[in-house]
Structures are given as C-alpha cells and as structure tokens.
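Numbering (the UniProt record's numbering), first residue to last: 1 to 502.
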C-alpha cells in the first residue's frame, strides 16, 4: 500500500486543521511498510502515530522518526512549537487511527477468519484455550492469541515481547495475517478491558463474543467498576453472536446487545430466572479431573475434562457454546474436552518426587480467582494447604491487596506474602497492606524475595500438603523496582522441589 492509498482508506488530508475534503492530495507516492506508535520501532517506510500518553507525547519524537525513515505522521494535532518535516495527517483519535491503519496495511485479515473473542475478569485464558482446542477437534484450523502467547495452526506456542494480555493493534493485525497465511480458518482472541479501551482490537471483525464474568479489577486504569464494564461490553456490542454467563449478574445488561446470543450456567438457570441454553449438572471432581452432564441445544450428554477446579466447568460450557456456533458437533465437543491438556500456568501441576508435596502454579491474582483456586485445592488436599502470593505495584489497583491477604489467610492453613511486579511501589507497603487484610489471623509470613519465598514454602511442606504458587502463572518476567528480570515460576518450583532432596 502507498501513502495516498492509506490516507484515502482513513479519509485523511495532510493538514493541521480538520480535513474538509476526503480526497488525499499533496502526499508523496511513497510505499508504506508498516505503522507504529513507538519511535524506537520505526523502520524506513513506516507511518508513525504520535499518541499523547500519560507519561510521553509522541510528538516529542518527530525528528527521531524522520531520521529513522518514517514517511508520514498521524496525530491529533501538532502541539504549540512542534514542527514536523514529514507529512502530518490530523486524525480525531490517534489510537483509533493506529488500529485502522494497521488493519488496512494487513489487508483486514479478520474478514478472512471466524473470530472468537473472549472477555471477562477471570477465565479468559482457559476459555480461549479450550475454545481453540475444541475448534481444532472439530477439524477447523484455528489460531490463538492469548495472554500466554499466540499459536499459529501448527500448534507451536510463541510469545510477544510485552507484558499485557492483548498486544498493540499493529501486532494483532500482523499476527492475524500470519494466521491466514498459515492456513487458519478461525482464531480465538483474548480481549482485555485495556485492549478494548485503547483500541488494540479495533478493526477486528468479531463472529463470537464470549463473556466469562465481571468482578472488581483494573480500577487503577478504569476508575470505577461501571467504566470497567463499559469497556468489556464493547466486545459483545461488536459481535454477531454472544455467549453469555447466565450466572453473572452483569449479564442482564448484556442481553440483546448482539444480534444473536446463547447463555450458559453451572446452576442451570439464568440470573433472570429462565433456563440457560447450556448447563451442567451432576458435577464431580476426581483425581483425573472433572466429569459432568451437559444439557445443550445439541442435546444432553456426559462430558469429562482432565482439569482441576469445578469453576472450569463454566469455562468448558462457554467454549463448547462458541465452538458449537461455528459448527462443532456433540461428538466432537465430547472428544475435544476429553483430550484437552490444560493451559500453561493455569492450575499447572509441577512434576516432583512422589513423596513430596503437590505444587500447583496458577495465575490467580484477584480475590475471586484466588478464592476459587484455594477452595478447589482444599477439596483434594489431604494435608495442609499452603499459598504463596503477592500483589502488583506501580499503577495497578492497590485496593485488592488487603482482600487478597484476607482470602489467603482464611482459606489456606499458611500463607506467604511476597513480591509480584511491585515496580516503583515500595514492596514493604504492599506487604503491609496484605498483612492488614489478614486481620486477627497470624497464619502468614512475609518473605520479600520471591525465589527465596518459593524455596521456603516448598521446603516446609510435607507429603500430602498442597502448595499453591499464585499470581505469576505463565508470565516470563518479574518487575522488581526499575528492573525487569526473566522469570519462570514452574522452573523455580522445580528447583525448589529438587533442593528438598539435596
């Protein structure tokens, strides 16, 4: 695509005042190689989008991107005193323009795919992986884009060099194009509230929106739960078909937003009193996983899922409903669930000696998800239940620190509070807030260094005990002050288990 073509696609003129004529004139006929909002990533032939953020204004880097070979700048208007030596195209919303340009340059790949989006506070990743697995079991070549990484149809897990659920719009669109090129016919994409608010998934053509549930989270960014909900609901509004959790009170406000919808429930009935379309009954949990009966538009059937945690039944129902909408049969759903092998960092069992404690790594980092994880593990723990957890610092919501401490000390026999991406927030302050949440309970220890905390909690555990390492899951970095360190929670646990034998 050439610069005048891109400008025409975005209905832009090279001018500082708002454009009045949609025909782009006066632009060099330069080929456009890509688009980015990061001055460090500019390559020759790129268009640079100058975004005014909380800490930086992209207009401060106009000379740098010109020297790097950018061919034009998109922005909401040059600030006083700023000069651009490149063609400057004014846009109403810079982030929206970034997404629209990325989709145009990639050739709108989502239009060539069946796209399933999954949103909610908890359960997004597991539901996404389950949906991807079920679609593949149904014979549909399917890609995946989730917080754990992304997969092309070849099944190899790859990682983005960033620490958030959904990458920026150019990465999303390039990845979707990769999937089309690799032969994908469908893709499952986790859509976080940040991604929806910051237009990272603008330009994605959604066939199915899956809603897991909503609880208090990310208020540091959204300000209120209402704002958080408003961003999440965008996915349902933009999809042609919605899969809604009838057990979530927020679902009542989502009904009718999509042209068509279905509901699922582990209680059998919707919050409005009617029967859910997909429901689970007779839920049981064994050492080998979950088994339950399903009532659905495809008929009634028995299902088995080799995962820990009754809450995963809801994730399975949501994934089945999405896959069924795209053509999966009852038999394919049953076979697909039975062959599922889990998600890295989601209730992941760490291999260890048979006479040692059971060690589980899980991403649980909110009070509701931690409560679910501990309640699940308590049911299958013969000895003591121990948990290690922290709470993120920096701009992250501090209001969940005390509730995390309360849940941990109420449901576990012993809790260890430690670091978890404290960034520029004093770690001592975070630990103190978590300790405050314990109230009168004294069944906790604070160990600032996460590696040492893991070693100590595993060393003190006995055979028959369960140790839950919560909060990091599959994340591959640990943010300590201004440092970003490589991290692998499962590997840390393996080394701690091995040291018990030394």
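Even for Gly, the Cβ is constructed at its ideal location relative to N, Cα and C.
Leaving out the 5 sequence neighbours to the left and right, which residues in its chain are closer than 8 Å to residue i when beta-carbon positions are compared?
{"i": "residue 297", "result": "262, 277, 278 and 324"}
{"i": "residue 139", "result": "332"}
{"i": "residue 494", "result": "350, 351 and 352"}
{"i": "residue 501", "result": "353"}
{"i": "residue 410", "result": "441"}
{"i": "residue 237", "result": "257 and 258"}
{"i": "residue 329", "result": "138 and 298"}
Over the uninterrupted alpha helix (DSSP H) stretch that includes residue i, give me the two end residues.
{"i": "residue 490", "result": "489-501"}
{"i": "residue 129", "result": "124-137"}
{"i": "residue 457", "result": "450-460"}
{"i": "residue 117", "result": "Segment 114-119 is the beta strand (DSSP E) holding residue 117; no alpha helix (DSSP H) there."}
{"i": "residue 443", "result": "Segment: none, residue 443 is in no alpha helix (DSSP H) and carries neither H nor E."}
{"i": "residue 382", "result": "Premise fails: residue 382 is in no alpha helix (DSSP H) and is neither H nor E."}
{"i": "residue 505", "result": "Nothing can be reported for residue 505: it is not among the residues displayed for the chain, which extend from 1 to 502."}
{"i": "residue 318", "result": "312-325"}
Pop quiz: residue i and residue j are said to be a contact at Cβ under 8 Å. What is the actual Cβ separation, rounded to whole angstroms?
{"i": "residue 317", "j": "residue 280", "result": "6 Å"}
{"i": "residue 490", "j": "residue 361", "result": "5 Å"}
{"i": "residue 345", "j": "residue 474", "result": "3 Å"}
{"i": "residue 239", "j": "residue 208", "result": "6 Å"}
{"i": "residue 258", "j": "residue 242", "result": "4 Å"}
{"i": "residue 404", "j": "residue 370", "result": "6 Å"}
{"i": "residue 213", "j": "residue 126", "result": "The pair is not a contact, with the Cβ atoms about 13 Å apart (cut-off 8 Å)."}
{"i": "residue 145", "j": "residue 199", "result": "Actually they are not in contact, since the Cβ atoms of residue 145 and residue 199 sit about 16 Å apart, beyond 8 Å."}
{"i": "residue 468", "j": "residue 387", "result": "5 Å"}
{"i": "residue 106", "j": "residue 196", "result": "The Cβ separation is near 19 Å, so there is no contact."}
{"i": "residue 62", "j": "residue 84", "result": "5 Å"}
Do residue j and residue i have their beta-carbon atoms positioned less than 9 Å apart in this structure?
{"i": "residue 12", "j": "residue 50", "result": "no"}
{"i": "residue 152", "j": "residue 178", "result": "yes"}
{"i": "residue 65", "j": "residue 86", "result": "yes"}
{"i": "residue 365", "j": "residue 420", "result": "yes"}
{"i": "residue 117", "j": "residue 204", "result": "yes"}
{"i": "residue 445", "j": "residue 456", "result": "yes"}
{"i": "residue 359", "j": "residue 466", "result": "yes"}
{"i": "residue 417", "j": "residue 389", "result": "yes"}
{"i": "residue 320", "j": "residue 347", "result": "no"}
{"i": "residue 59", "j": "residue 30", "result": "no"}
{"i": "residue 402", "j": "residue 441", "result": "no"}
{"i": "residue 299", "j": "residue 292", "result": "no"}
{"i": "residue 471", "j": "residue 357", "result": "no"}
{"i": "residue 406", "j": "residue 453", "result": "no"}
{"i": "residue 32", "j": "residue 91", "result": "no"}
{"i": "residue 229", "j": "residue 255", "result": "no"}
{"i": "residue 372", "j": "residue 309", "result": "yes"}
{"i": "residue 374", "j": "residue 408", "result": "yes"}
{"i": "residue 391", "j": "residue 433", "result": "yes"}
Below 6 Å CB to CB, which residues in the same chain sit around residue i once its five sequence neighbours on both sides are set aside?
{"i": "residue 187", "result": "113, 115, 143 and 179"}
{"i": "residue 103", "result": "173 and 203"}
{"i": "residue 268", "result": "279"}
{"i": "residue 295", "result": "279"}
{"i": "residue 25", "result": "Low confidence applies here, because residue 25 scores a pLDDT of 48, under 50, leaving its location unreliable; read the following figure in that light. Nothing listed; no residue qualifies."}
{"i": "residue 541", "result": "Because the chain in this structure spans residues 1 to 502, residue 541 falls outside the shown range and cannot be described."}
{"i": "residue 135", "result": "142, 186 and 323"}
{"i": "residue 231", "result": "193, 196 and 197"}
{"i": "residue 206", "result": "115, 117, 238 and 239"}
Between residue i and residue j, what straight-line distance do the alpha-carbon atoms span, to the nearest angstrom?
{"i": "residue 266", "j": "residue 3", "result": "52 Å"}
{"i": "residue 44", "j": "residue 95", "result": "21 Å"}
{"i": "residue 123", "j": "residue 28", "result": "48 Å"}
{"i": "residue 194", "j": "residue 234", "result": "12 Å"}
{"i": "residue 93", "j": "residue 76", "result": "6 Å"}
{"i": "residue 479", "j": "residue 423", "result": "6 Å"}
{"i": "residue 68", "j": "residue 340", "result": "47 Å"}
{"i": "residue 215", "j": "residue 398", "result": "15 Å"}
{"i": "residue 450", "j": "residue 169", "result": "33 Å"}
{"i": "residue 383", "j": "residue 355", "result": "13 Å"}
{"i": "residue 9", "j": "residue 119", "result": "29 Å"}
{"i": "residue 39", "j": "residue 46", "result": "10 Å"}
{"i": "residue 54", "j": "residue 428", "result": "26 Å"}
{"i": "residue 305", "j": "residue 131", "result": "13 Å"}
{"i": "residue 34", "j": "residue 52", "result": "20 Å"}
{"i": "residue 447", "j": "residue 381", "result": "24 Å"}
{"i": "residue 181", "j": "residue 282", "result": "43 Å"}
Mind checking which residues open and close the beta strand (DSSP E) that includes residue i?
{"i": "residue 430", "result": "Per DSSP, residue 430 belongs to no beta strand (DSSP E); it is in the alpha helix (DSSP H), 427-437."}
{"i": "residue 245", "result": "241-245"}
{"i": "residue 100", "result": "No beta strand (DSSP E) contains residue 100, which is instead part of the alpha helix (DSSP H) from 94-105."}
Leaving out five residues before and five after residue i in sequence, what residues of the same chain have Cβ atoms less than 7 Å from its Cβ?
{"i": "residue 343", "result": "125, 126, 129 and 148"}
{"i": "residue 483", "result": "none"}
{"i": "residue 78", "result": "16, 59, 84 and 88"}
{"i": "residue 485", "result": "477 and 478"}
{"i": "residue 492", "result": "451 and 454"}
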